[in-house]
Amino acid sequence: MNQSKKRILFFTPYATRTGSEMMLLYILKKIDRSRFDVGIVSFANGELLAEFPEDIPVHIAPRKFNTIEKISFHLGINPTLRALRKLAKSFRADFWYVNTTMIPETIVVAKEFGIKVITHFHEMPLTYAYLSAPDFKSIVDYSELLIGCSQTTCDALKDAGGKNVGLLYSFIDPSLVKKDDHRSAELRQKLRIPADAFVWILSGMTSERKGFDLLPDIAAEVNDPNVHLVWVGATIDDGLVYYTEQRCAKNTSATKIHLTGKQKEDYYAYLNMGNGFLLTSRQDPFPLVMIEAALLGKPIVSFPSGGVSEFVKDGMGVVTEDLSVRQMVAAMRSVMRGDTKTDSARSIEVASRFNVENGYNEWIELIDKTR
C-alpha cells in the first residue's frame, strides 16, 4: 500500500439532494483512489447513498433510534456516539471530513480519539442557532481546517474565532443541467401559464430561511396578471409553511402563485421554464440552484443573502440593497421591462466556472495543505 495515501472518513447528515450533500457526491465521484482511501458515514439511509461509487464503504450512524437503541439511550448509552467510537477504532483515518455543522457528535468522538477534523461550512449565522454554544465553539476551535463555501461564509467563520479558514466556492456538474424547451413548454401549459407571460422560478425547501413566507407579499406587490411565481421544492411540515400555503391559496393578487412541490425528473425543465430566477433567501451561503439557473441563462433577482452578491456580475441580474420586498419587486420590474440589461451568454459564462473539475482541483489544494 502507498504509505503516503491519506485515509479520510467523510460525514454527511441525511444523504439527500441538499446542495451540501450534492457537493460531497461530486467530490467523491472524482476522488483519486491512488491518493486517498475513503469511507462515508451517513446519519440516515438517504437516497444519495446509492449514487456514491460502489467501492467506497458506507456506514450508517443512527440518529433516529429503534426500540432497542431507545432503551440503550435511556440506560445512558448513546447509540450515535457508540457507532462513531466503533468507527474511530475500525477505520483509522488521518482525519474526519465533516460536511456540515449539524452533526456535532463527530467532534465529541474525534476529540476523544485525537482525530483531526476538517469541517465544511455550508451554513451561515442564522443556522448556528440550531447548535448549542459549546458545540459550535468546539467545531470552530477543534477543526484543523474550516472550509467556507463563499467569502461571506468564511468571513463569518473568522468572526466566530476560526483560525485556519479556506474558501471553496460551491460547484455543480454542468452535464446534469439539461435544457429541454419542449418539456418546459409542456409544464407551462400544465400550469395554465400563457406562453407570453413572464415566469419567475423560485426553488428550495419551503423554509423561513429560504424566504418562502414572503411569496404572498411579493405576489401582492407585483399584482400583474402577466407575471407568475412558481416555487419548486420540498415542503416542510411546520406552522409557518401551513400559514403561507393558506395565504397562497387565498391569494387575491393578479399575479398567480404556483407551488409544484419537490421535483426530481422535471427539476431542470421547471428551472428552464422561467424567464427569470428569484432568490428570496434571508441567508444563503452559495446556493447551487443559483449556479444552475445562470447556466440556463436566466437573469437573477435576489436579496443580498450571502454568496449571491459574490456570484451575480454585471449583466446577470440584480441583488437588492436590503432585504426588502418592495426593492425586490422594483428589480423584477426593471428586468422585465429591459431597463436592467441582462445577457444570458454572460450568465452562462460565469456559471460555467463553478464546475466539478475546477471545484475538485481547488478542494485538493486545500486538502494538501492539511497535514
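Just so you know, we're using full-length UniProt numbering here: the sequence shown kicks off at 1 and counts up by one. Ideal Cβ placement from N, Cα and C applies to all residues, glycine included. Fair warning: this is a prediction, and the values are worked out from it, not measured in the lab.
Straight-line gap, residue i to residue j (C-alpha atoms, nearest Å)
i	j	result
M1	D32	Per-residue confidence for M1 stands at a pLDDT of 39, beneath the threshold of 50, marking its modelled position as unreliable; the derived number appears in the next sentence. The straight-line gap from Cα to Cα measures roughly 15 Å.
N78	T127	25 Å
R7	D37	5 Å
I193	L278	17 Å
D94	V58	17 Å
M328	R82	49 Å
E112	N45	26 Å
K262	L366	34 Å
D135	L157	14 Å
K178	L9	32 Å
K64	T255	42 Å
L214	S184	25 Å
T320	K29	37 Å
I291	G76	46 Å
I147	N361	14 Å
D196	D368	52 Å
D339	A345	18 Å
A50	K341	43 Å
A110	A88	8 Å
Q3	F91	Here Q3 scores only 49 on pLDDT, less than 50, and its place in the model is too uncertain to base an answer on.
K317	V117	Sequence inspection shows Gly at residue 317; the Lys mentioned does not correspond to that position. Near 38 Å, if we compare the C-alpha coordinates of V117 and G317.
T260	I236	13 Å
D314	E349	12 Å
V289	M22	11 Å
S352	D343	14 Å
V41	D180	36 Å
Option nearest residue i by Cα separation, candidates the options
i	options	result
T16	E47, S4, I118	E47
N163	T119, T320, I257	Note on residue identity: the sequence assigns Lys, not Asn, to residue 163. When each option's Cα is compared against that of K163, the closest is T119.
F220	V325, Y242, L240, T342	In the sequence as presented, Phe is not what sits at residue 220; that position holds Ala. The candidate whose alpha carbon is nearest that of A220 is V325.
G359	S170, G233, A351	S170
A133	G114, E321, T101	T101
R188	L215, L271, T252, A50	L271
D217	T342, F10, L323	L323
F311	E321, P287, L296	P287
E144	T252, D284, T260, Y97	Y97
P125	R63, E51, R209	R209
F43	K341, S184, L84, I300	L84
G161	E357, K137, D181	K137
G239	D266, A269, G233, T206	T206
S34	K5, V222, G274, P62	K5
P53	I103, L24, A61	L24
A293	D141, T252, S347	S347
V140	I56, I107, G114, S302	I107
K298	M273, A61, P285, Y142	M273
Buried or exposed (CB count within 10 angstroms, at least 16 for buried), residue i
i	result
T12	buried
P225	exposed
G204	buried
R371	exposed
Y242	exposed
T80	buried
K70	exposed
N66	exposed
H74	exposed
I68	exposed
L296	buried
L168	buried
K264	exposed
K190	exposed
T18	buried
G211	buried
H122	buried
N223	exposed
With three or more C-beta pairs closer than 8 Å as the rule, is the segment 160-179 touching the segment 324-332?
Not touching, per the Cβ criterion.
Restricting to runs no shorter than 4 residues, where is the alpha helix (DSSP H) found entirely within the segment 39-78?
The DSSP assignment places complete alpha helix (DSSP H) segments of no fewer than 4 residues inside the segment 39-78 at 67-74, in order along the chain.
If contact is defined by three or more beta carbon pairs under 8 Å, each pair taking one atom from either stretch, is the segment 193-200 in contact with the segment 218-236?
Note that the segment 218-236 touches the segment 193-200; at least 3 beta-carbon pairs, one per stretch, sit closer than 8 Å.
Do the segment 306-316 and the segment 149-168 make contact, defined as three or more Cβ pairs closer than 8 Å?
When Cβ pairs closer than 8 Å are counted between the two stretches, the segment 306-316 is seen to touch the segment 149-168, the count reaching three or more.
Determine contact between the segment 265-283 and the segment 242-252, defined as no fewer than three beta-carbon pairs at a distance below 8 Å.
The segment 265-283 is not in contact with the segment 242-252.
What alpha helix (DSSP H) runs, 4 residues minimum, are completely inside the segment 91-172?
Counting only runs of 4 or more, we get 105-113, 125-128, 133-142, 151-159.
Considering only residues of the UniProt domain "Glycosyl transferase family 1" (186-339), which uninterrupted beta strand (DSSP E) runs meet the minimum length of 3 residues and lie entirely inside it, listed in chain order?
Counting only unbroken stretches of 3 or more residues, the beta strand (DSSP E) elements lying wholly within the UniProt domain "Glycosyl transferase family 1" (186-339) are 198-203, 227-232, 256-261, 276-279, 300-302, 317-319, in sequence order.
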